[in-house]
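Structure, as structure tokens:
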Amino acid sequence: MHNPAGIRSYNYRQDTAIIKTKWQWFLLAAALIVIVGVVPFAFSSYALYLGVKWVILIIAALGLNILVGRTGLISVAHAAFVAVGGYTSALLVSKLSLPFLVALPCAGLMAGLIGILFGLPSLRIKGLYLLAATLAAQFIITYVINNLTSLTGGYSGTVVPHASIGGFILDSNQKFYFVVVAVLIIMTILATNLNRNRLGRAFIAIKSNDKVAEGLGVNLWKYQLLSFFIACFFAGVAGSLWAHWQGGIMTMEGFTLWSSIWYFGYIIVGGLGSVVGVFAGVIFVEGAREILNSIINRIGASQPAVLANIAPSGDILFGVILIVFLIWEARGISHRWEMFKSYYRLWPFSYSL
Amino acid sequence: MRRIMTKVMVVLLILLVVAVSPLLACGKKKAVEEQPIIIGSLTDLSGVVPAQGREASAGELDAVRYINEVQGGIGGVQVELITKDIKYNSTLGTQAYADLQSTYGSRLRAVVSFITPGLLPNKDSFVADKVIGFGSADPLSELPFDQYWTFSSICFYNVAFDAATTYLIDHWSGSGKPVVGLVATTVNAAKVISGGIKSACDREGVTYLAKLGDPTALDRTVDLTTLKDAGANIVFLILSESGVIKALKDSRQMGLNATFAGLKSYATASFATAAGSDGEGMYCVIDTASWEETDVEGIQFLRDWNAEWHPEVTFRSPQYILSFVDVLTVAEAMRRAIDKVGYSKLDGDAIKEALEGMTDWNPMSLMAPLKFGPDRHSGGTAVRLCQLQSGQWKAATDWLTTRELSGQELTLSYYQGL
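Chains R and H are the protein sequences, given in the same order.
Add 272 to a position in the first sequence, counting from 1, and you land on the number used in my numbering.
Add 1319 to a position in the second sequence, counting from 1, and you land on the number used in my numbering.
Dropping the structure here:
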């Protein structure tokens, strides 16, 4: 990674630091003040609704990014793992009356353990074959949840109470916003640190060439399953947040194969392997969908009779935008962001590039 | 290079606008005074049941036009319908409601929706925001009546299909007692329906065979074969529209010559066309008058209304009529509330109280008289059967009065445990 002009690292600790300049610390502090001190009070409830939803999607996508972007494995069952976390948390809180803050990590652990189970085939197969195996995971988890009626409520779903912390009930987007942001910060630090330690380097080695990595002493069995566990842990935590945020009913409706594919879309558009890319991917994809829906709804509000005819066009147009975007910048938004930063650091001496 | 970077900066700025604009676009609420009353509609125009959604939207829009142009609004205040396509998805349902609430605030007086994802996930929010939710068929959206702000103009499915089953058994023309069957999915509504059919069969001493299967499974020939072998004479089909059409065709091919019956959502022109001769004689349990009943005041009005505004339309489904009634009912509650407290003091409590006071509401005779109360948010009192005859849906019975819900049927846990 290029450092800003004049910034040098004198030891390994400094070299691997995430934040290296006072300016970066200042920006971080300013961003935190805006995110925690301004956004929840200045923005409308709908904006906060979108904010909470996007944050939860980012947490889940961070997990998939570790599996796909960092380790080079593949999974099209990520939404199902999010559902495992959601149902685990919902049942722990509603049936066992456990506190939300206890259920939250438990949801991650349960999803992680289930993830290890379905990650076992990765020891023998990879690529498209692993994709097929995880596809089976999506269907199996969906089937089990939908048919384990006594526990999950089946297709009718299970009632999920609002999350509460110390008797403080998180029954609004504003209240829940603080919780999801706190969890996002923790999960982002975890995901970012993965890029800087032995575990993260083992993942990258496996992604680069698993046979060579094994030859260098990386235990494939251990690290591939760890990758599945961590990815699904992130998914489980996101599922727990999702279940209690919706605060009403939990069904498999929002965790279909289609949802899993969307998670893939987020990290591909954002840029595989990049934490910043996950943020950018979710915000770009969901933001674009929101704008398209907003345009369609505005047309529908002024000409209601037309709405029925144009309603499906949002999905079609969005698909076209995604295709065009991927052709134009296949390495994702994060790559463009890196280019921009490089240019900015050297500006106005752009010829130096 | 600089030119490239300038382009990159422009793209990044666009991305920033993309990300932030929806957040800023919905930030400010408009003034409440002298603004139209907002009724939200959470519908399905591009999801699981878009054909039904189009009919529902048309009915709601025509009702609003009728209220504004014929009735002069509600207490002189115009009504605006804001429709959101939620694609039969609960998450989009909550998102759309949050958008409505954020944009219109206290001007949003009611939300109508003919699908469960429009009301069930929002039932707590309706209570918190004091907004009427109207139009669901799923008991989970409404119960317990004294705790939620969700209403419907129809009967619960269990008592509706109890009445319909009783009628079909009583008018069975074969020898001996018929055997009743059900091919349905395991979704909650189907279980509620199954409970209603079973109670009628138990009362009549008739054998009942229920086959509940995965909602995603289109092929139900195994279940149909089982029913044929059991000698089923009356078979209820509670599946997706395409699933029912396939089941009808499969049944004819395998020689299962039973009387078929199903939901009101099948009583559309497109279903009649798709089912063809295989659907001939099929019944649907409906809550409204039928489009062919020109002697009904409301039907004649709607036919004239459609001739004027939608000359291309030759048939309207029960969902269109039901959605028309839903909006009229909500508007009537608002009108009564305004009469009582005045427009300036109109709030959710006043509308809810007025709605719960409507004990004999019969809009244009399009439905049997609706009866609401603090302990009765399901207003329907009767259903009827329509039948596909010569490719057209026609009323087959008069109103079949439904029994009142009682005991466990009034509790949420009963329906959750089905």
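Even glycine gets a Cβ: it sits at the ideal position worked out from N, Cα and C.
As the structure is a computational prediction, the values presented were derived from the model and not from experiment.
Where residue i sits in the DSSP three-state scheme
i, result
"V1367 of chain H", "coil"
"K1406 of chain H", "coil"
"A1503 of chain H", "strand"
"K1349 of chain H", "Residue placement at K1349 of chain H cannot be trusted, given a pLDDT of 41 that sits under 50; what the coordinates show is reported in the next sentence. The answer is coil: DSSP assigns K1349 of chain H none of H, G, I, E or B."
"L522 of chain R", "In the sequence as displayed, the identity of residue 522 of chain R is Met instead of Leu. DSSP places M522 of chain R in strand when its eight states are reduced to three."
"W619 of chain R", "coil"
"E1627 of chain H", "helix"
"L304 of chain R", "helix"
"E1728 of chain H", "helix"
"E1611 of chain H", "coil"
"W1680 of chain H", "strand"
"A1549 of chain H", "coil"
"L1342 of chain H", "With a pLDDT of 48 at L1342 of chain H, under the threshold of 50, the predicted position of this residue should be treated as unreliable, though the coordinate-derived value follows. Correct three-state label for L1342 of chain H: helix."
"A1509 of chain H", "helix"
"L1558 of chain H", "coil"
"Y490 of chain R", "In the sequence as presented, Tyr is not what sits at residue 490 of chain R; that position holds Val. Coil at V490 of chain R, not helix or strand."
"I397 of chain R", "coil"
"K447 of chain R", "helix"
Check whether residue i and residue j have beta carbons under 8 angstroms apart
i, j, result
"M1686 of chain H", "F1620 of chain H", "no"
"A1656 of chain H", "L1665 of chain H", "yes"
"N565 of chain R", "G586 of chain R", "yes"
"G1581 of chain H", "I1557 of chain H", "yes"
"F1445 of chain H", "W1468 of chain H", "yes"
"S1636 of chain H", "E1379 of chain H", "no"
"V327 of chain R", "I533 of chain R", "no"
"N1441 of chain H", "Y1416 of chain H", "yes"
"A515 of chain R", "G358 of chain R", "yes"
"L544 of chain R", "V306 of chain R", "no"
"G559 of chain R", "G549 of chain R", "no"
"V353 of chain R", "I386 of chain R", "The sequence given here places Phe at residue 353 of chain R; Val does not occur at that position. Yes, the pair counts as a contact, with Cβ atoms nearer than the cut-off."
"S1455 of chain H", "G1699 of chain H", "no"
"G1493 of chain H", "L1546 of chain H", "no"
"L1707 of chain H", "A1591 of chain H", "yes"
"T460 of chain R", "V557 of chain R", "no"
"D1481 of chain H", "S1513 of chain H", "no"
"K1671 of chain H", "D1679 of chain H", "no"
"T360 of chain R", "G508 of chain R", "yes"
Partners in chain R for residue i, counting only beta-carbon separations shorter than 8 angstroms
i, result
"A1417 of chain H", "S317, Y318, Y321 and N445"
"K1442 of chain H", "G520"
"V1506 of chain H", "Y427 and S428"
"S1409 of chain H", "Q518, I521, T523, E525 and G526"
"R1539 of chain H", "Within chain R, no residue comes near R1539 of chain H; the closest Cβ sits about 16 angstroms away, beyond 8 angstroms."
"Q1735 of chain H", "G425, S428 and V431"
"R1373 of chain H", "A580"
"Q1727 of chain H", "Correct list: empty, because the minimum Cβ distance to chain R is about 16 angstroms."
Amino acids of chain H, ordered along the chain, whose beta-carbon sits closer than 7 angstroms to that of residue i
i, result
"P576 of chain R", "L1380, L1400 and T1402"
"P584 of chain R", "S1365"
"L564 of chain R", "Those do not exist, as L564 of chain R stays about 10 angstroms from chain H at its closest Cβ, beyond 7 angstroms."
"N569 of chain R", "K1403"
"G572 of chain R", "T1402"
Cβ-heavy atom distance, residue i to the ligand MN, below 7 angstroms
i, result
"N1552 of chain H", "This structure does not include the ligand MN; it has no bound ligands of any sort."
Amino acids of chain H, ordered along the chain, whose beta-carbon sits closer than 8 angstroms to that of residue i
i, result
"L579 of chain R", "L1364, S1376, T1402 and D1404"
"D587 of chain R", "S1365"
Beta-carbon neighbours of residue i, restricted to chain R and to distances below 7 angstroms
i, result
"T1413 of chain H", "Q518"
Partners in chain R for residue i, counting only beta-carbon separations shorter than 9 angstroms
i, result
"L1439 of chain H", "G429, G520 and I521"
Neighbour flag for residue i against chain A, beta carbons, 8 angstroms
i, result
"Q1354 of chain H", "Absent from the structure is chain A; the protein chains it does hold are R and H."
- Listed from N- to C-terminal order along the chain, which residues in the region 1616-1636 of chain H have their beta-carbon within a distance smaller than 8 angstroms of any beta-carbon of chain R? none
- Query: Does the count of Cβ pairs from the region 1591-1611 of chain H and the region 1515-1530 of chain H closer than 8 angstroms reach three?
  - Reply: no
- Message: By the 9 angstroms beta-carbon criterion, what residues does the region 423-447 of chain R contribute toward chain H?
- Response: G425, G426, Y427, S428, G429, T430, V431, H434, D443, S444 and N445
- Just by C-beta distance, which residues in the region 522-548 of chain R are closer than 8 angstroms to chain H? T523, E525 and G526
- Meets three-Cβ-pair contact criterion under 8 angstroms: the region 559-577 of chain R and the region 361-372 of chain R: no
- Message: To be precise: take each residue of the region 1445-1465 of chain H, compare its Cβ to all Cβ atoms of chain R, and keep it if any distance is under 8 angstroms. Which residues remain?
- Response: A1447 and L1459
- Residues of the region 1694-1713 of chain H with Cβ closer than 8 angstroms to any Cβ of chain R, in chain order: none
- Query: Are the region 1476-1488 of chain H and the region 1509-1517 of chain H in contact at 8 angstroms, needing three or more beta carbon pairs?
  - Reply: yes
- Members of the region 275-291 of chain R near chain H, C-beta cut-off 7 angstroms: none
- chain R contacts made by the region 1525-1557 of chain H, where a contact means CB separation under 8 angstroms: D1533 and P1534
- Query: Below 8 angstroms, can you find three or more Cβ-Cβ pairs linking the region 1380-1397 of chain H to the region 1353-1363 of chain H?
  - Reply: yes
- What residues from the region 1477-1502 of chain H come within 8 angstroms of chain R, judged by C-beta to C-beta, listed N to C? none
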